[in-house]
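Trainee:
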Amino acid sequence: MNKRLARIGKSMLFAAAFVAFAIPAHAQSGAELYKSKCAMCHGANGKGDSPIGKSMKLRDLGSPEVQKQTDAELIAVTTDGKGKMPAYKGKLTEAQIKEVVSYIRTFKK
């Protein structure tokens, strides 16, 4: 019985460590939000290579042009929209928008 509990404890510890260190909390939530709200246009990898992204000639979110923008600028575009990009104010919380921006930073080349 004690060996079994020890194995279960080690398994749980490993799983917790994997979750804690493999993906930062902001990036994980941001990744899920990005996938559900952004990927349809910007593509799963942020390259804008989805059919919609190609037709709208979206910039690669990992490009230096996008990555040099400040978090405040990216938050403003996401919150208020720009051009054909819809505003997410009222659809996502401020915290969620910050999480998406944090995730977009992972696309940096």
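The numbering of the sequence shown is our numbering, which starts it at 3 and goes up by one. Beta carbons are placed, not taken as given, at the ideal position from N, Cα and C, and that holds for glycine.
#1: I'd like the list of long-range same chain contacts for D51, defined as Cβ closer than 8 Å, with 5 residues on each side in sequence excluded.
#2: One question on the structure: do G109 and G64 come within less than 9 Å of each other, judged by their Cβ atoms?
#3: For Y105, which residues in the same chain have their Cβ closer than 6 Å to its Cβ, ignoring the five residues on either side in sequence?
#4: So, K59 versus K93, is the Cβ gap smaller than 9 Å?
#5: With G55 as the anchor, note down where its alpha helix (DSSP H) starts and where it stops.
Mentor: In short:
#1: G45
#2: According to the sequence displayed, residue 109 carries Phe and not Gly. In this structure, G64 lies closer than 9 Å to F109 by Cβ.
#3: A29, G32, A33 and Y36
#4: no
#5: P53 to M58
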